[in-house]
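Engineer: Pasting in a structure now, in C-alpha cells, and then I'll have a few things to ask.
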Amino acid sequence: MSDQNPRGHTLDIVMAGLSKRRNAEKRFRFFGLASIVVGLVFLLVLFISIIGNGYSAFTYSNVALDITFDPAVIDPEGQRNPAALAAADYDTLWKASLLKLFPQVTERQEKRALNAFMGFSADKRLKDMVAEDPTLIGTTKTVWLPVDDTVDLLFKGKLGNEEELNERNQHYQHWIKTLKDQDRIHSSFNREFFTNGDSREPEAAGIWGAVVGSAFTLLITIGLSLPIGIAAAIYLEEFAPRNRWTDLIEVNINNLAAVPSIVFGLLGLAVFINFFGLPRSSPLVGGLVLTLMTLPVIIIAGRSALKSVPPSVREAALGIGASPVQMVFDHVLPLALPGILTGAIIGTARALGESAPLLMIGMVAFIVDIPKTFTSAATVLPVQIYLWADSPERAFNERTSAAIMVLLAFLILMNGFAVYLRRRYERRW
Amino acid sequence: MEKSTLFLLILLASTLAYLRNTWRARTLAETSGQKLHSLPGFYGYYTALWCALPGLLLLLLWLLGEGSLLTTGALARLPQSLLDGAAPEQIQLLVNDIKSVAQGSFEGQIDPAIQVAADRFSELTLWSRILLTVLSMTASLSGLLFAQSRINTDFRARNQVETVVRIFLIGCALTAIFTTIGIVLSVLIESIRFFNMVPITDFLFGLKWSPQIAMRADQAGSSGAFGVIPLLTGTLLISMVALLVAVPIGLLAAIYLSEYASPNFRAIAKPLIEILAGIPTVVYGFFAALVVAPFLRNMGAEIGLEISSESALAAGLVMGIMIIPFVSSLSDDFINAVPQSLRDGAYALGATQSETIRQVVIPAALPGIVGGILLAASRAIGETMIVVMAAGLSANLTLNPLAAVTTVTTQIVTLLVGDQEFDSPKTLAAFALGLILFILTLCLNIMALRIVRKYREQYE
Amino acid sequence: MTTLENSTREKPFHREHRSTVGTFTSDNPRIVCRSVDVYYGEKHAVQNINIDVGRHQVIALIGPSGCGKSTFLRCLNRMNDTIPDCRVTGDISMDGIAINGPDVDVVPLRAQVGMVFQKPNPFPKSIFENVAYGPRIHGLATNPSDLEGIVENSLRRAGLWEEVKDRLAQPGTGLSGGQQQRLCIARTIAVNPEVILMDEPCSALDPIATAKIEQLIDELRTLYTIVIVTHSMQQAARVSQRTAFFHLGHLIEVGETAQVFTNPQHQLTEEYITGRFG
Chain Y
1 MSDQNPRGHT
11 LDIVMAGLSK
21 RRNAEKRFRF
31 FGLASIVVGL
41 VFLLVLFISI
51 IGNGYSAFTY
61 SNVALDITFD
71 PAVIDPEGQR
81 NPAALAAADY
91 DTLWKASLLK
101 LFPQVTERQE
111 KRALNAFMGF
121 SADKRLKDMV
131 AEDPTLIGTT
141 KTVWLPVDDT
151 VDLLFKGKLG
161 NEEELNERNQ
171 HYQHWIKTLK
181 DQDRIHSSFN
191 REFFTNGDSR
201 EPEAAGIWGA
211 VVGSAFTLLI
221 TIGLSLPIGI
231 AAAIYLEEFA
241 PRNRWTDLIE
251 VNINNLAAVP
261 SIVFGLLGLA
271 VFINFFGLPR
281 SSPLVGGLVL
291 TLMTLPVIII
301 AGRSALKSVP
311 PSVREAALGI
321 GASPVQMVFD
331 HVLPLALPGI
341 LTGAIIGTAR
351 ALGESAPLLM
361 IGMVAFIVDI
371 PKTFTSAATV
381 LPVQIYLWAD
391 SPERAFNERT
401 SAAIMVLLAF
411 LILMNGFAVY
421 LRRRYERRW
Chain C
430 MEKSTLFLLI
440 LLASTLAYLR
450 NTWRARTLAE
460 TSGQKLHSLP
470 GFYGYYTALW
480 CALPGLLLLL
490 LWLLGEGSLL
500 TTGALARLPQ
510 SLLDGAAPEQ
520 IQLLVNDIKS
530 VAQGSFEGQI
540 DPAIQVAADR
550 FSELTLWSRI
560 LLTVLSMTAS
570 LSGLLFAQSR
580 INTDFRARNQ
590 VETVVRIFLI
600 GCALTAIFTT
610 IGIVLSVLIE
620 SIRFFNMVPI
630 TDFLFGLKWS
640 PQIAMRADQA
650 GSSGAFGVIP
660 LLTGTLLISM
670 VALLVAVPIG
680 LLAAIYLSEY
690 ASPNFRAIAK
700 PLIEILAGIP
710 TVVYGFFAAL
720 VVAPFLRNMG
730 AEIGLEISSE
740 SALAAGLVMG
750 IMIIPFVSSL
760 SDDFINAVPQ
770 SLRDGAYALG
780 ATQSETIRQV
790 VIPAALPGIV
800 GGILLAASRA
810 IGETMIVVMA
820 AGLSANLTLN
830 PLAAVTTVTT
840 QIVTLLVGDQ
850 EFDSPKTLAA
860 FALGLILFIL
870 TLCLNIMALR
880 IVRKYREQYE
Chain W
890 MTTLENSTRE
900 KPFHREHRST
910 VGTFTSDNPR
920 IVCRSVDVYY
930 GEKHAVQNIN
940 IDVGRHQVIA
950 LIGPSGCGKS
960 TFLRCLNRMN
970 DTIPDCRVTG
980 DISMDGIAIN
990 GPDVDVVPLR
1000 AQVGMVFQKP
1010 NPFPKSIFEN
1020 VAYGPRIHGL
1030 ATNPSDLEGI
1040 VENSLRRAGL
1050 WEEVKDRLAQ
1060 PGTGLSGGQQ
1070 QRLCIARTIA
1080 VNPEVILMDE
1090 PCSALDPIAT
1100 AKIEQLIDEL
1110 RTLYTIVIVT
1120 HSMQQAARVS
1130 QRTAFFHLGH
1140 LIEVGETAQV
1150 FTNPQHQLTE
1160 EYITGRFG
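Chains as they are written, first to last, in the numbering used here: chain Y, 1 to 429; chain C, 430 to 889; chain W, 890 to 1167.
Below, the structure written as C-alpha cells:
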C-alpha cells in the first residue's frame, strides 16, 4: 500500500481538505445555535405580544362626575320606596352631569356619542349608592364612574390607527383630553376583572367564574387521577406478571398518552353525557374527561419513579419478613412519592391548560353565574380565553390576553412547584 | 337520606369500625395471651372494608340505575297518547318537564297529565331514597357484624386485606383498557349510525365537504356533502408545515444542546425551550390569529403574494413552534442514548465533531428520531385549538399553504359546539371524523412506539 | 473511567516509586513524552510520565486496572479531549512536532495516530462503509475505484477480506465479535496512520479471536508503530517488544519485554508479574 498512498502524502491530503471541513463544522454549529435562538425568539415574541396586549386590562378608566341625585328622576313619588328606587333610570343622572361638563355639545350625533360615553355599569354603581344611603337623594356629589369600554381603550391609547378613529371616537378623544386637563379621568385597578363572571359587556366581563370552574374541574381530576394513577402504576410496576395482558395494558397506556385530546372529548360526550346522563357543561363531566386524559401521564411518571427505587430496598423489606403489599406501601412508595407527585403536577398543569375536549362536552356555553357545585354549568379558564378570542369587541382582545396571563401565571406556579419538588427530594441512588 | 350524607355516614361507620376492631384485636391478643396472626391494624382494616364496601356498592348501583327506573315509572303514568309516536327528543323534553315540576322549579302553565307524572316521580323518589337508606345501612351493618365474628388470633386478616388491595390495584390498571374500549365503542357506534345515513364510500372518497347542506330538515345526508378528503388534505397540509418547522429546528437544537453547548448554557436553554411545550394550545391559537396570521398576510401583501388570513401556513407555523420541544427532547434522549464508543470510533479516525454527529451519531439514532417524528406528526394531526382558532372553516381541496384550509379537528369542534340534535348526520359526522382521527393517530402511535422501543432495546 | 475508583483504594504497597526504573528512552523515537500529567477535575490520574515510543515496534502498557494506562494511551491521539473536565499537561511530540498544545489540530493528528478500542465499535453502516469512512472524510480517494482499492487493501491487511468479501454491503454490526474488532482495525489502517493505539483490543473476545488479533498485530508491526494496553501479561509477552508497567498513575518500569518479564528491576513489577496483586 505504501506505493498507493505514501505516508507523507496522506497527511498532505488531510491538511489540504482541513479548512473546508473546519468551515463546515462552524456552519453546522451555527445552525444549531440559530435553531435554539429561533425557538427562544418565538417564545419571547409570544410573551411580549401577550403581555403587551393584555397588561392594560388590569386597569380600567373612571371619570369623576358631579352627580346630582335629582329626586325628580330617582324618586318622583317621594316615598323612598326601595322598589321604586331600584326601578329608576340612573343613566339620566350621569348624562345630565356630562352635559353640564360639555355644554357646547348640542348637535344630535355628538349628543348621542356623549350619551354612550359612560359604561354599562355606571347605572348600577349609582343605584347601589342610593340603595345603601337614600339620604343622598337631593344632594350633589363627585362620583368616580367607569367609562364605556371604547372610551377606556382610547384613554389607554389602545385605539390608534385611522380606521378605528371614526367620527365618534374623535369626539371621545377630544372629551377625554378636556377631562384629563381637569383631572377628572384616571385608570385604576380593574377589580371586576378578577371578581366577575363572564358578560357580553367587555367592561363587566371577568375571569372569576372560569377560575372557579377550573378549580372544580381540577379538583375532580386530581381526586380521581392521582389515586387511580398511583394504584395502576404500583400494580404494573410491582405486582403484574410479565405476560400478554400486562403487555397489552402497557401498550394501551402509552398509546392513550398520545391520543388526541379531542377524542377524549368525544368519549366524554358519548359515554358520560349521552349514556350515563350526567349534566352537560358541568365540572363533573369535565373533570372525568380530564381524568382519563391525565391518567396515562401519571401512570407513566409513577412507573418511572417506582422503577428508580433500587431493588435493594425491596429486598431489604422482604428480607425482614414484610409482605409484598407492606413492602410496596411502607418502603417503595414513600421513596417514589416525590417523583410521582412531580409527574402528577405536570399532568394536572396540562389538564388545566386543556380546552379541546371540554368544548365537546359543552363547557363552552356563555355562563354569567359563578358555578356553585360540581354539577352546575361552568366553563374553565382556557375555554373562556377561546370564547373571548372569538368575540368581535375590541375590548375583549385585551381581556383575552390578560386572561392568558393569569392562566400562564397558574401554570408557571404549578410547574415551578414541580421543579422545586424534584430539586428538593431528588435522590441519586 | 341524601346520597352524599349516606356516603359520609358509611365512611364514618367504617372509620369507627377500624378504630374499634384494632383495639379489640389488641386486647384479644393480650387477654388470650396468644400471638395475633397479623398486626392489630389489619383486623381494623378488615372490618372497615366489610363495613364500607357493601354499602358503597349499593350506593353506586343506585347512582347508575335509579335515574332511568324513576323516569320509566313516571312516564308510565302519562296518557299513552302523549307517548305514542314521540321521538326520543320529545320524550326527553317531557322528562325534563316532569323533573322540573317535581322540583317545583317549573315556570308557566302546568299540564295536568305532567302534574300526575310529576307526583308519581316525587313519590317514587321518596321510596327509592328510603329503600336505599335501609338497604345500605343493613348491608354495612351485617358486613361489619360478619367481619367482627370472624376475628380471632388465628384469623389471617392481613392476607384478606391485601387481597382486596390487590384487586383494587388491578382494577385501576384496567382503567386504561376500559378507556380505550370506551373510546373505540363510543366513536364506532355513532359512526355506524352515521354510515347508515351516509354511505361509507361517499364519506371516505368524497371530494366535497359541506355538512351545512344536510342540515335542512327534510334532506337526508346523502347529498354527497360529507366527503372527508378535503379535510384530510387540509390536516396533512398543516401538519406538514408544522413538521417542516419543528423537525429541523428541534433536531438541530437537540444536537446543539447535547453535543456542543456548555453545561451552563444547556441548563438555561433547555428548560426555556421546554416552556414552549407547557403553553396551552389555546394560547398558541390566539397568538396565531392575533400576531402570526396578520403578520404573514401583510408580508405577503408587501411582496405581492396573496396570503389568506386563515392560511395553512400561519396555523402550521405556530403548531410547528409548539412541537419544537417535543421533537427536541425526544431527539435529545435518543442522541444521548448513542453509545460514546461510536463517537470515539469516529473521533479516532480524525472525524470532526460535526462529521461525527452527522455521519455517525444521527444515523445511529435515526430509528429513534423517526419514531419521535411520527409521534410529533400524530400530535400535529390531533391538535385542535390552534387550527380551530387560526385555520379556516371552508373545506378547500388544495395543497397551497397560503390558502385557507380546514382540518378534521376543526370540523369536529364546529359540528359539535352549539345546538346538537343527536340523530342528525351533522352531529354523527363528528364521530365518524373522530373515528378517522383515532385510527390515523393510533397507527402512527403504535408504529412510533414500536420503533422507539426496538431502538431503546438495541442500546440497552 | 475506571481510573477513578481504584486509585482511591488503599495502596497495596507503600514504596518509593516516584521515578521510573529502566530505559524509558529509545533511539530514533516516533513519540516522545516528557512529564505528562493527566487530571480528571481535581483527580490526578496520571503522574509525571516520561517515555519514548520507538518506530516499527509494539510497546505494551500493562498494570492493574485503574492504573492510568488507558488514560495515558488516550493522550497520544488527544482522545482525552472528548472527556469533559479532563486536563493533560506536559510535552508530547510526534516526529519532533508537539501534539499536546491547545493550538494543535486534532484532526490530522488522529489521522496519523489511529485507535482501536476495548469493545468493538463498528458504525451502524455496511462493512464497506465502515472501512471507507475514514478515507471518505479525509478525501483520500480520488475516485470510487480508488476507494474500493483502499477498502480491499485494508480488509486484506486486517485478515478479514476472505471472510467478508461477498457481503460488503451488509451491516458491520452483524459480524462476530472478533470479526468486528478486525473490522475496526481495518477501519483504522484505511486512513494509513503511522501509529495505532490499541486499548485492550482483545478483552471482549474469545481465545480464538484473540489469537487472530495477536497474529495480526505482529504482522502490522512492520508497517506501523503500535501501542497496546493490555491487562493480560501473557499477551504483552507474546506481542510486544517493549513493555511499560503502570501502577496507580505512575510509570514504574519500562524495558525490553523479555527483560521486564524475566528480570524486573522494581519490586512492584515483580510482585505484579508474579501475580501477588493485580
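For glycine and all other residues, C-beta sits at the position ideal for the given N, C-alpha and C.
Between the stretch 581-613 of chain C and chain Y, which residues of the former have CB atoms less than 7 angstroms from a CB of the latter, in chain order?
Structural biologist: Cβ contacts with chain Y come from ARG587, GLU591, VAL594, ARG595, PHE597, LEU598, ILE599, CYS601, ALA602, THR604, ALA605, ILE606, THR608, THR609, GLY611 and ILE612.
Engineer: Should the stretch 337-352 of chain Y be called in touch with the stretch 294-312 of chain Y, which here means at least 3 C-beta pairs below 8 angstroms?
Structural biologist: Verdict: yes, contact present.
Engineer: Alpha carbons only, please: which of Y:ARG314, Y:MET360 and Y:GLN326 is nearest the one belonging to ASN274 (chain Y)?
Structural biologist: Closest option to ASN274 (chain Y), Cα to Cα, is Y:MET360.
Engineer: SER261 (chain Y) and ALA356 (chain Y) - do their beta-carbons sit closer together than 8 angstroms?
Structural biologist: Contact flag set, yes.
Engineer: Strictly under 8 angstroms for the Cβ-Cβ distance: is GLU899 (chain W) near chain Y by that measure?
Structural biologist: Because GLU899 (chain W) carries a pLDDT of 40, less than 50, the predicted location of this residue cannot be relied on, and the following value inherits that uncertainty. Chain Y contact via Cβ: absent.
Engineer: Which residue or residues does DSSP assign as beta-bridge partners of TRP638 (chain C)?
Structural biologist: In the DSSP output, where bridge partners are listed per residue, TRP638 (chain C) has C:PHE655.
Engineer: Return the residues of the stretch 771-800 of chain C that lie within a Cβ-Cβ distance of less than 8 angstroms from chain B, sorted by chain order.
Structural biologist: Within the model displayed, chain B is absent; protein chains Y, C and W are what it includes.
Engineer: Taking the alpha-carbon positions, what's the GLY952 (chain W) to PRO792 (chain C) distance?
Structural biologist: About 37 angstroms.
Engineer: Please report the distance separating the alpha-carbon of VAL995 (chain W) from that of THR1158 (chain W).
Structural biologist: Straight-line Cα distance between these residues: approximately 34 angstroms.
Engineer: Restricting to Cα atoms, I'd like to know which of C:GLU812, C:ASN450, C:TYR776 and C:ASP761 is closest to GLY800 (chain C).
Structural biologist: For the residues C:GLU812, C:ASN450, C:TYR776 and C:ASP761, the minimum Cα distance to GLY800 (chain C) belongs to C:ASP761.
Engineer: Just the Cα atoms here: how many angstroms apart are ALA395 (chain Y) and ILE185 (chain Y)?
Structural biologist: The straight-line gap from Cα to Cα measures roughly 19 angstroms.
Engineer: Does the stretch 772-781 of chain C come into contact with the stretch 1022-1038 of chain W, if we say contact requires no fewer than three beta-carbon pairs (one atom in each stretch) closer than 8 angstroms?
Structural biologist: Enough Cβ pairs lie closer than 8 angstroms, so yes.
Engineer: Under 8 angstroms between C-beta atoms, does VAL720 (chain C) make it to chain Y?
Structural biologist: So yes, VAL720 (chain C) belongs to the interface.
Engineer: With a cut-off of 8 angstroms, does the C-beta of GLY470 (chain C) fall near any C-beta of chain Y?
Structural biologist: Output row for GLY470 (chain C): interface = no.
Engineer: Could you give the residue range of the beta strand (DSSP E) that holds ARG427 (chain Y)?
Structural biologist: From DSSP, ARG427 (chain Y) is part of no beta strand (DSSP E); its letter is neither H nor E.
Engineer: Can you name the residues that DSSP bridges to PRO1060 (chain W)?
Structural biologist: DSSP lists W:SER1015 as partners of PRO1060 (chain W).
Engineer: Could you compute how far the alpha carbon of ALA654 (chain C) sits from the alpha carbon of THR710 (chain C)?
Structural biologist: The straight-line gap from Cα to Cα measures roughly 30 angstroms.
Engineer: Residues of chain W with CB under 8 angstroms from GLY17 (chain Y), in chain order?
Structural biologist: Within chain W, the residues near GLY17 (chain Y) are HIS1027 and GLY1028.
Engineer: Does chain C have any CB closer than 8 angstroms to the CB of THR960 (chain W)?
Structural biologist: Taking Cβ atoms only, chain C never reaches closer than 8 angstroms to THR960 (chain W), which makes this a no.
Engineer: Hey, would you say LEU617 (chain C) sits closer than 8 angstroms to LEU553 (chain C), going by beta carbons?
Structural biologist: No, they are not a contact pair.
Engineer: If we cut at 8 angstroms on Cβ distances, does ASN1010 (chain W) have a partner in chain C?
Structural biologist: At least one chain C Cβ lies under 8 angstroms of ASN1010 (chain W).
Engineer: Strictly below 8 angstroms CB to CB, what residues from chain W border LEU11 (chain Y)?
Structural biologist: Residues of chain W passing the Cβ test: PRO997, ALA1000 and GLN1001.
Engineer: Please go through the stretch 326-376 of chain Y and give each complete alpha helix (DSSP H) segment of 4 or more residues, from N-terminal end onward.
Structural biologist: If we require 4 residues or more, the alpha helix (DSSP H) runs fully inside the stretch 326-376 of chain Y come out as 333-352 and 356-360.
Engineer: Could you pull the start and end residues of the alpha helix (DSSP H) that THR142 (chain Y) belongs to?
Structural biologist: First-last for THR142 (chain Y): 140-146, but that is the beta strand (DSSP E), not the alpha helix (DSSP H).
Engineer: What are the boundary residues of the beta strand (DSSP E) that includes SER61 (chain Y)?
Structural biologist: Residues 59-68.
Engineer: Once you ignore the five residues that flank SER807 (chain C) on each side, which residues in its own chain have a CB closer than 6 angstroms to its CB?
Structural biologist: Taken in chain order, the residues that qualify are THR870, LEU873 and ASN874.
Engineer: Who pairs with ILE920 (chain W) in a beta bridge, going by DSSP?
Structural biologist: DSSP output for ILE920 (chain W) lists W:VAL942 and W:MET983 as bridge partner(s).
Engineer: Do you know how far the Cα of VAL130 (chain Y) is from the Cα of ASP123 (chain Y)?
Structural biologist: Answer to the nearest angstrom: the Cα atoms are 11 angstroms apart.
Engineer: Do you know how far the Cα of ALA717 (chain C) is from the Cα of ILE220 (chain Y)?
Structural biologist: About 32 angstroms.
Engineer: Beta carbon of VAL799 (chain C): closer than 7 angstroms to some heavy atom of the ligand HEM?
Structural biologist: You won't find the ligand HEM in this model; it holds no ligand whatsoever.
Engineer: Mind checking whether ILE207 (chain Y) and PHE194 (chain Y) have CB atoms under 8 angstroms apart?
Structural biologist: A contact, by the Cβ cut-off of 8 angstroms.
Engineer: To be precise: take each residue of the stretch 928-950 of chain W, compare its Cβ to all Cβ atoms of chain Y, and keep it if any distance is under 7 angstroms. Which residues remain?
Structural biologist: Within the stretch 928-950 of chain W, no residue has a Cβ that lies closer than 7 angstroms to any Cβ of chain Y.
Engineer: Do LEU845 (chain C) and PHE239 (chain Y) have their C-beta atoms closer together than 8 angstroms?
Structural biologist: Not in contact: LEU845 (chain C) and PHE239 (chain Y) (Cβ atoms no closer than 8 angstroms).
Engineer: If we count Cβ pairs, one from each stretch, closer than 8 angstroms, do we get three or more for the stretch 819-836 of chain C versus the stretch 582-589 of chain C?
Structural biologist: With the cut-off at 8 angstroms, the stretch 819-836 of chain C and the stretch 582-589 of chain C do not touch.
Engineer: In chain Y, what lies closer than 9 angstroms to SER419 (chain C) by C-beta?
Structural biologist: Limits of chain C in this structure are 430 at one end and 889 at the other, which puts residue 419 (chain C) out of reach.
Engineer: Evaluate the contact criterion for the stretch 443-462 of chain C versus the stretch 572-580 of chain C: three or more CB pairs, one atom per stretch, below 8 angstroms.
Structural biologist: In short, these stretches touch, since the Cβ pair count reaches three.
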